[in-house]
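Here's the structure, in structure tokens; my notes come after.
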Amino acid sequence: MAHATIHMGVTIPRLLRGARRICPAHSTLMVLRHSAFCYCTANGTLKSKRKMDHLERTASNFRQEVISQAKVCGITNESDTVKRLRLAIANKDFTFKAGQWVDFFIPGVSVVGGFSMCSSPGLLEREGILELAVKYTAHPPAHWIHTECTVDSEVALRVGADLHGYQEGKGNEYKMGTVKLYYSAKNTKELLFKKNILGLMNAFPGKIMCRFHVTQQSSQICEELQPHVTEGRISEKDLEKHVSKDTLWYICGPPPMIESISKLLSNIGVPTNCVFFEKWW
Numbered sequence: 001m002a003h004a005t006i007h008m009g010v011t012i013p014r015l016l017r018g019a020r021r022i023c024p025a026h027s028t029l030m031v032l033r034h035s036a037f038c039y040c041t042a043n044g045t046l047k048s049k050r051k052m053d054h055l056e057r058t059a060s061n062f063r064q065e066v067i068s069q070a071k072v073c074g075i076t077n078e079s080d081t082v083k084r085l086r087l088a089i090a091n092k093d094f095t096f097k098a099g100q101w102v103d104f105f106i107p108g109v110s111v112v113g114g115f116s117m118c119s120s121p122g123l124l125e126r127e128g129i130l131e132l133a134v135k136y137t138a139h140p141p142a143h144w145i146h147t148e149c150t151v152d153s154e155v156a157l158r159v160g161a162d163l164h165g166y167q168e169g170k171g172n173e174y175k176m177g178t179v180k181l182y183y184s185a186k187n188t189k190e191l192l193f194k195k196n197i198l199g200l201m202n203a204f205p206g207k208i209m210c211r212f213h214v215t216q217q218s219s220q221i222c223e224e225l226q227p228h229v230t231e232g233r234i235s236e237k238d239l240e241k242h243v244s245k246d247t248l249w250y251i252c253g254p255p256p257m258i259e260s261i262s263k264l265l266s267n268i269g270v271p272t273n274c275v276f277f278e279k280w281w
């Protein structure tokens with residue numbers, strides 16, 4: 001049976017222009033691998049008086065053994081606060097599944113970043129390209145991406161997964177279900193990938209639907225977006241009509257938003273085993 005899926009947040013893949021696979025210098029790759037290994041081993045003991053970093057918070061999660069060099073081959077401003085990195089992956093054995101993240105190792109930066117992919121596994125398979133969308137913060141990896149990263153910058157990546165051990169279905173047939181996306185941001189400028197989402201809605205009418213919510217909109221909303229925009233936060237009334245035994249709920253956002261939406265879903269009778277989210281804190 002096809003499942004209806006409700007998303008709060010967005011991880012929409014985009015098919016972009018091709019780029020060649022890179023052939024990294026062996027010495028550069030060894031330096032990046034060594035830096036990653038040293039960081040992982042030197043930081044095995046937690047310090048109780050400081051906030052845990054990405055590697056510590058996810059220490060119990062499965063990680064692939066492959067650490068690959070990657071070269072930045074494109075940087076796009078998706079909004080005033082978010083940059084999209086386009087990365088050419090050197091190692092052909094590097095793979096990932098939708099919903100996973102990467103440990104992001106930067107030469108000269110002691111803190112390791114943790115970022116979710118915003119591109120599809122298919123783009124990596126076809127073109128050797130992986131994309132990340134990174135919001136500006138003072139956290140060293142994000143700060144580096146926004147202030148120092150340039151085209152041709154080299155980093156290292158390793159895939160991690162919260163859902164290691166999950167057994168995929170063995171069925172031989174696939175039937176496309178339906179997806180309803182509730183996407184909330186401060187204003188329409190911060191609605192990342194909105195053109196991609198509108199394109200998917202047009203390509204799959206009745207299968208992929210989206211409702212954009214804006215909480216602090218001060219300018220006029222463009223005509224193309226107007227039919228799909230609601231001013232105000234995502235409410236219980238918005239979500240309760242989608243409750244059913246076949247609906248799965250995926251939440252993506254900052255901790256207060258995840259906690260608020262999780263509580264709301266509990267209030268309207270959604271079982272906890274039907275609600276999924278990344279917990280980065």
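Note that the sequence shown covers residues 1 to 281 in UniProt numbering. Every residue, glycine too, gets a C-beta built ideally from N, C-alpha and C.
- In the DSSP annotation of this structure, the continuous segment of the alpha helix (DSSP H) that includes glutamate 240 starts and ends at 236-240.
- Residues of the same chain with a CB within less than 8 Å of the CB of lysine 97, apart from the 5 flanking positions on each side, are Pro121, Ala161 in chain order.
- Contact between aspartate 238 and tyrosine 182 holds: CB atoms are separated by about 6 Å, below the 8 Å threshold.
- Here alanine 185 is buried, its C-beta having at least 16 other C-beta atoms within 10 Å.
- Counting of Cβ neighbours within 10 angstroms places aspartate 103 among the buried residues, the total reaching 16 or more.
- Collapsing the DSSP output to three states places serine 260 in a helix.
- The residue from Phe204, Ala203, Ile221 with its alpha-carbon nearest to that of leucine 191 is Ile221.
- With a 10 Å radius around the Cβ and a threshold of 16 neighbouring Cβ atoms, serine 244 comes out exposed.
- Measuring C-alpha to C-alpha distances from proline 107 to each of Met257, Glu131, Glu148, Leu132 identifies Glu148 as the nearest.
- Per DSSP, leucine 85 is one residue of the beta strand (DSSP E) stretching across 82-89.
- Taking the Cα of threonine 81 as reference, the smallest distance to any Cα among Val151, Leu124, Lys135 is reached at Lys135.
- Sequence-distant Cβ neighbours of glycine 269 in its own chain, meaning closer than 7 Å and more than five residues away, are Val243.
- Listed in chain order, the beta strand (DSSP E) elements of length 3 or more contained wholly in the UniProt domain "FAD-binding FR-type" (65-168) are 82-89, 101-105, 113-116, 129-135, 154-161.
- By the Cβ test, the segment 228-236 is in contact with the segment 210-217, since at least three Cβ pairs between them sit closer than 8 Å.
- Isoleucine 89 and valine 159 have their C-alpha atoms roughly 12 Å apart.
- The distance from the Cβ of valine 72 to that of asparagine 91 is about 16 Å, inconsistent with a contact at the 8 Å cut-off.
- In this structure, leucine 123 keeps its C-beta atom at 8 Å or more from the C-beta atom of leucine 85.
- Residue pairing by DSSP places histidine 213 opposite Ser184, Thr230 in a beta bridge.
- DSSP places isoleucine 197 in the uninterrupted alpha helix (DSSP H) bounded by 194-203.
- In this structure, the beta-carbon distance from isoleucine 208 to valine 179 falls below 8 Å.
- Scanning Glu259, Glu278, Thr76, Leu130 for the CA closest to the CA of serine 68 turns up Leu130.
- In this structure, DSSP gives threonine 247 a state outside helix and strand, which the three-state scheme calls coil.
- Threonine 178 sits in a strand when the DSSP states are folded into three classes.
- Isoleucine 208 is bridged by DSSP to Val179.
- When only Cα atoms are considered, threonine 58 and phenylalanine 204 end up about 36 Å apart.
- Comparing C-alpha distances from glutamine 100 to each of Thr137, Gln64, Ile261 shows the shortest one belongs to Gln64.
- By the CB criterion at 8 Å, valine 151 and alanine 70 fall outside the cutoff.
- Rounded to the nearest angstrom, the Cβ distance from asparagine 196 to glutamine 217 is 21 Å, too far for a contact under 8 Å.
- Leucine 248 and methionine 257 have their C-alpha atoms some 18 Å from each other.
- Rounded to whole angstroms, the gap between the alpha carbons of glutamate 56 and valine 109 is 16 Å.
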